[in-house]
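First residue of the sequence shown: 1, per full-length UniProt numbering; consecutive thereafter.
Here's the structure we're looking at; comments come further down.
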Amino acid sequence: MTVRLVNLLGQDSRIWLEPALDVYVTAMNYPSGTQAHRAPLWREHISRPGWRAVGAIAKVTPQEAATPWAVARRMRAPVAMADNEILVGIAYGYRGAGDQWWNQQLRQGLRHAGAPTEYIERVTADYFELTELHVHPSAQGGGIGRHLLTRLLADRPEASVLLSTPENPAGPNRAWSLYRQMGFADVLRHFTFAGDPRPFAFLGRPLPLLDATEPAARR
């Protein structure tokens with residue numbers, strides 16, 4: 001599969017948002033209809049300071065392009081230049097801030113874990129929040145996630161990048177393996193967000209990413 005990366009612009013969200021949500025729902029194995037609930041939140045995120053998004057686009061055959069699974073992720077200009085190009089990966093995030101819910105949840109969790117105030121302030125003061133990183137199952141295993149993450153974090157001005165991901169009691173999965181390979185370390189483990197019974201881990205690492213390469217063409 002030949003894949004190229006593109007910068008996704010907020011002004012083009014009418015083109016890429018629905019295909020990106022399809023990738024997200026499929027990759028996370030969420031029920032159909034989740035897209036409608038998540039779309040307003042993703043649109044709101046676009047307006048946040050420091051927002052950036054990257055997409056992975058692949059070419060499929062004309063026959064494949066006509067199938068329902070491909071139509072749901074088909075891209076068009078100015079994001080894509082051919083009718084048989086579909087979205088197979090999405091990553092986005094923005095600059096973290098103290099008035100954001102996710103930041104407040106992390107602070108609360110660190111306090112409950114007994115972390116010193118100075119540590120909490122340092123961790124949550126200057127970071128890029130990696131909000132979403134997903135690769136469609138049909139394209140997983142080829143390093144697309146690593147390329148998306150590297151492109152997304154290139155030249156960021158923040159001191160660090162933070163993310164939250166579900167704990168995986170069964171052992172490392174592809175997401176966990178990627179984050180570990182990219183140098184992410186534990187910030188807080190076994191945290192439960194309000195309204196979600198699953199335990200989550202907060203992971204982070206300093207910026208910049210000095211040891212990563214990103215060979216895909218820029219838009």
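C-beta atoms are modelled at their ideal positions from N, C-alpha and C, and glycine is treated no differently.
Practice task
Determine, using beta carbons only, whether R74 and I86 come nearer to each other than 8 Å.
Solution key: yes
Handout entry: Counterpart residues of V88 in DSSP-defined beta bridges
Key = Beta-bridge pairing links V88 to no other residue.
Exercise for the section: Leaving out five residues on either side along the sequence, give the residues of the same chain with a beta carbon under 7 Å from the beta carbon of F193. Expected result: Around F193: Q105, F200.
Practice task
Let me know the secondary structure DSSP gives E129 once reduced to three states.
Solution key: Residue state, collapsed to three classes: strand.
Handout entry: Collapsed DSSP secondary structure at A58 in the structure displayed
Key = strand
Exercise for the section: Given a cut-off of 8 Å, decide if G96 and I46 are closer than it, judged by their beta-carbon atoms. Expected result: no
Handout entry: Three-state class that DSSP yields for V161 in the structure shown
Key = strand
Problem - Collapsed DSSP secondary structure at R14 in the structure displayed - result: It is helical.
Handout entry: Where the beta strand (DSSP E) through H136 begins and ends
Key = No beta strand (DSSP E) holds H136; DSSP gives it neither H nor E.
Exercise for the section: Might you give, ordered along the chain, the residues of its own chain that have their beta carbon closer than 6 Å to the beta carbon of A82, omitting 5 neighbours on each side? Expected result: none
Problem - Cut-off 7 Å between Cβ atoms - residues of its own chain near E64, not counting five sequence neighbours on either side - result: Result list for E64: A70, in chain order.
Exercise for the section: Measure the alpha-carbon distance for F19 versus A154 and round it to whole angstroms. Expected result: As written in the sequence, residue 19 is Pro, which differs from the Phe given in the question. Looking at the two C-alpha atoms, the distance is approximately 24 Å.
Problem - Reference E167, options E129, F128, D186, A66, closest by Cα - result: D186
Handout entry: Cα-Cα separation between V123 and G204, rounded to whole angstroms
Key = 9 Å
Exercise for the section: Since I believe Y92 is in contact with R52 (beta carbons under 8 Å), could you give me their beta-carbon distance rounded to a whole number of angstroms? Expected result: 7 Å
Problem - M1 and G142 closer than 8 Å at C-beta - result: yes
Problem - Supposed contact pair V88 and A66 - C-beta distance, whole angstroms, cut 8 Å - result: At roughly 17 Å, the Cβ-Cβ gap does not stay under 8 Å, so A66 and V88 are not in contact.
Handout entry: Residues of its chain near I144, where Cβ-Cβ distance is below 8 Å and the 5 sequence neighbours each way are ignored
Key = Beyond the five residues adjoining it in sequence on each side, I144 comes within less than 8 Å, by CB distance, of V3, A56, V88, G89, V135 in the same chain, given in chain order.
Problem - Per-residue DSSP class, three states only, for W83 - result: According to the sequence provided, residue 83 is Asp. The question's Trp does not apply to it. Coil.
Exercise for the section: Would you list the residues sitting across from A201 in a DSSP beta bridge? Expected result: T165
Exercise for the section: Kindly indicate which three-state DSSP category R95 falls into: helix, strand or coil? Expected result: strand
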